[in-house]
Amino acid sequence: MSTPVGFWNRNWGFITLAVVALAMPLLVADAYLLSILAFMATRFMVVIGLSLLLGQAGQISLGHAAFVAIGAYGSALLVTRLSMNPWLAMVVAAVLAAGVAGVIGIPTLKLKGHYLAMATLGFGEIVFILLVQLKGLTRGTDGITGIPPLTLGSLDFSQPRLYHVLVWLVALIVFRLALNLSESRVGRSLKALRRSELAAESLGVNASWRKLQVFMISAVFASLAGSFDAHYVQFISPDSYGITFSVILVCSVVIGGFRSVWGALWGTLATVILPEVIKRIHEDAVNLVFGILLILIVVLLPVKSGPLARVAHDVRCLFHREERG
Amino acid sequence: MTGQQFLQYIFSGITNGSIYALTALGFTLVYNATGIINFAQGELVMLGGLSAIGLYRAGLPLPLAFVGALIIVLIVAVMFEQLAIRPLMAKGVLAQVIATVGASLALRTAAMMIWGREALPLPPFSGDTPIRVLGASLTPQTLWVVGTTIVIVLALQFFYKRTLTGKAVRACAVNPLAARLMGVSYASVVLLSFAVSGVISAAGGAMVAPISFMSYSSGALLGLKGFAAATLGGLGNPLAAVFGGLTLGILEGLAVGLVSSGYKDAIAFVILLLVLFVRPQGLFGGRVVERE
């Protein structure tokens with residue numbers, strides 16, 4: 025079972041990703057490109073969590089930017105105000121994010137349909153308003169400056185190459201955890217309850233608890249990403265954590281495909297690279313493209329049964345004909 | 069707080085509350101026909117406001133700009149229903165949420181590309197000489213907003229209770245299959261609901277523009293508040309939606325007086341979360357929210 029060949033067959037995708045991601049600093053010299061790649065790692069962490077929630081558990085959160093904000097502001101405030109160790113601050117912020125997710129999740133995950141979406145949207149907006157209004161604590165729209173970078177002994181992670189390795193290592197660990205989770209008993213029970221909560225529960229899956237677990241895990245991933253960004257950029261302001269960011273995160277999961285955790289990778293690549301391309305054509309059009317993509321993807325998503333299957337089939341035939349012509 | 073100030077806050081609360089009530093009505097109409105929460109509802113309000121402003125700036129007289137805005141939003145709502153909602157009727161809630169969220173992002177960005185980032189004003193419909201009522205002042209625009217809201221609510225009530233088409237729409241809300249068996253075209257009911265919901269939202273947006281300006285990003289907040297209002301009253305019940313909107317508006321008005329205007333916007337979300345936690349079916353029952 026654990027022959028080298030078998031191990032390679034099971035893990036070649038992950039190993040390739042790890043090698044490519046960690047080798048990037050050797051291949052890329054451009055500082056701007058390196059910072060985008062590092063930024064991609066933290067975005068990847070958030071999207072992985074959301075992909076577990078959306079794809080595996082079938083629950084949508086439209087307020088995930090708030091958890092990223094909790095990580096960023098939690099870290100920044102604990103370090104600058106209480107001079108806490110940055111690594112410890114990061115952990116404290118993540119625990120806080122998990123706690124908040126629990127408080128939000130317990131009542132709403134019991135409700136079906138659109139309610140988690142609306143509750144998280146409202147929660148995201150409250151956090152945003154607090155960031156702007158609690159001026160004594162957060163300095164409002166001015167943001168917090170002078171957040172110290174991460175260090176470990178003599179290693180200074182404000183250096184782009186070193187930071188790139190650190191943040192991608194963490195992202196890879198998060199990704200491995202998520203992959204394991206989706207292939208484990210937890211993942212199977214999540215997939216079961218996405219199809220039919222009733223059937224899953226009759227087989228002994230505690231649906232509410234499973235959904236809550238995933239929601240809290242995704243909040244922790246988002247918080248960690250927020251902390252890393254805050255320590256690297258050394259400046260944070262509320263603008264980065266609005267509704268639009270939450271929607272872009274959902275967009276990453278949907279574009280990548282949310283039936284597999286690997287979709288998080290493709291989605292992150294798409295939503296980080298695509299804006300760089302669209303910006304050159306039209307500065308403001310980025311979100312317009314994302315909005316239309318969201319609609320197109322769910323409308324054209326293949327449907328296997330029901331009256332829509334025929335329509336979807338017809339649409340696909342249409343494209344085939346065009347290709348031949 | 070003196071009596072005069074109190075009255076002043078109530079007036080401003082009722083004005084904003086009317087807009088929330090119209091947005092909540094928009095949510096309710098679509099929800100009753102399809103079971104879908106349209107996350108782009110607030111963007112339709114914003115689009116109504118900005119279209120009226122745009123047409124007025126292009127030289128149209130105010131009444132024509134108002135009607136033009138309703139028509140533009142009507143077209144957008146109908147196109148959205150045809151292109152995105154119709155193919156998704158057979159799919160799950162998740163797909164519907166994602167599609168309407170996508171539409172909200174697209175509409176918001178399109179509005180920013182057309183009208184820019186600045187919040188734009190619209191002149192009041194009939195001057196801005198305030199009317200004194202018991203020491204508090206009332207702008208004529210407030211009367212327009214409240215009056216139009218009353219007319220819309222009464223017209224909707226008449227439509228739903230007295231006309232055959234209205235009864236067909238209500239039948240679909242209760243049981244789409246049974247309604248279809250009785251010869252009601254479900255597809256037309258859904259289309260009609262989106263059209264009416266769009267026009268009502270647009271009217272709200274165009275009427276509030278003279279009071280609180282309108283920018284591409286106003287829609288998100290208005291939509292959330294409208295949904296909070298609808299949930300407070302009880303999702304699915306039009307009159308409860310109106311009640312929820314007015315209650316929310318008045319609470320916000322009082323919060324500005326008692327706490328600070330900065331936190332005004334947070335009230336709606338605190339109410340929304342409280343209702344979802346404590347009494348998800350809203351104050352007046354409405355449709356029962358599925359609990360496990």
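Protein sequence lines, in the order shown, are assigned to chains X and P.
Just remember that our numbering sits 24 ahead of the position in the first sequence, which is counted from 1.
Just remember that our numbering sits 68 ahead of the position in the second sequence, which is counted from 1.
Glycine included, each C-beta is placed from N, C-alpha and C at the ideal position.
Keep in mind it's a predicted model, so treat the numbers as computed, not measured.
Chain B contact for aspartate 333 of chain P (CB, 8 Å cutoff): The displayed structure is made up of protein chains X and P, and chain B is not among them.
With a CB to CB cut of under 6 Å and the five nearest residues on each side skipped, what residues in its chain are close to valine 213 of chain P? Thr83, Ser86, Met275
List the residues that DSSP assigns as beta-bridge partners of arginine 248 of chain P. In the DSSP output, where bridge partners are listed per residue, arginine 248 of chain P has none listed.
How many Å lie between phenylalanine 308 of chain P and valine 264 of chain P at the Cα? Before going on, a small fix: residue 308 of chain P reads as alanine here, not phenylalanine. The alpha-carbon atoms of alanine 308 of chain P and valine 264 of chain P are separated by roughly 18 Å.
Are the beta-carbon atoms of cysteine 240 of chain P and tyrosine 254 of chain P separated by less than 8 Å? yes
With distances taken Cα to Cα, identify the nearest neighbour of alanine 309 of chain X among P:Leu173, P:Leu115, P:Phe148. P:Leu173
Just checking, does the stretch 169-183 of chain P make contact with the stretch 97-111 of chain P on the three C-beta pairs under 8 Å criterion? yes
Looking only at C-alpha atoms, which of X:Gly73, X:Asp263, X:Tyr187, X:Arg209 sits nearest to phenylalanine 252 of chain X? X:Tyr187
So, do the stretch 164-175 of chain X and the stretch 123-140 of chain X have three or more beta carbon pairs nearer to each other than 8 Å? no
Thinking C-alpha only, which one of P:Ala126, P:Val310, P:Met157, P:Gly301 is nearest threonine 217 of chain P? P:Val310
For the candidate residues X:Val285, X:Val313, X:Ile297, X:Gln157, whose alpha-carbon lies nearest to that of aspartate 263 of chain X? X:Gln157
Only counting the same chain, and skipping five residues up and downstream in sequence, which positions put a Cβ closer than 7 Å to that of valine 146 of chain P? Leu259, Phe262, Ala263
For the alpha helix (DSSP H) containing alanine 90 of chain X, list its first residue and its last residue. 88-106
List the residues of chain X whose Cβ lies closer than 9 Å to the Cβ of alanine 288 of chain P, in chain order. Leu145, Glu149, Gly266, Ile267, Thr268
With distances taken Cα to Cα, identify the nearest neighbour of valine 338 of chain P among X:Phe314, X:Leu145, X:Thr169. X:Leu145
Does the pairing of the stretch 132-147 of chain P with the stretch 326-340 of chain P give three or more beta-carbon distances under 8 Å? no
For glycine 167 of chain X, return the contacting residues in chain P, with the cut-off set at a CB-CB distance below 7 Å. Ordered by position in chain P, no residue passes the 7 Å Cβ test against glycine 167 of chain X, which lies about 17 Å from the chain.
Are the CB atoms of alanine 167 of chain P and valine 322 of chain X nearer to each other than 8 Å? yes
Count the other C-beta atoms from every protein chain shown that fall within 10 angstroms of the C-beta of histidine 255 of chain X, then say buried if there are 16 or more, exposed otherwise. buried
Taking C-alpha atoms, which residue in P:Gln349, P:Leu93, P:Ser80 lies nearest to isoleucine 220 of chain P? P:Leu93
State yes or no: is the beta carbon of tyrosine 97 of chain X nearer than 8 Å to at least one beta carbon in chain P? no
In the DSSP assignment, what are the bridge partners of phenylalanine 193 of chain P? P:Gly195
Give a yes or no on whether 8 Å exceeds the smallest Cβ distance from phenylalanine 262 of chain P to chain X. no
is_contact[methionine 142 of chain X, chain P] using C-beta, thresh 8 Å: yes
Return no unless some Cβ of chain X is closer than 8 Å to the Cβ of threonine 177 of chain P. yes
Separation of glycine 215 of chain P from threonine 197 of chain P, as counted between CA atoms: 18 Å
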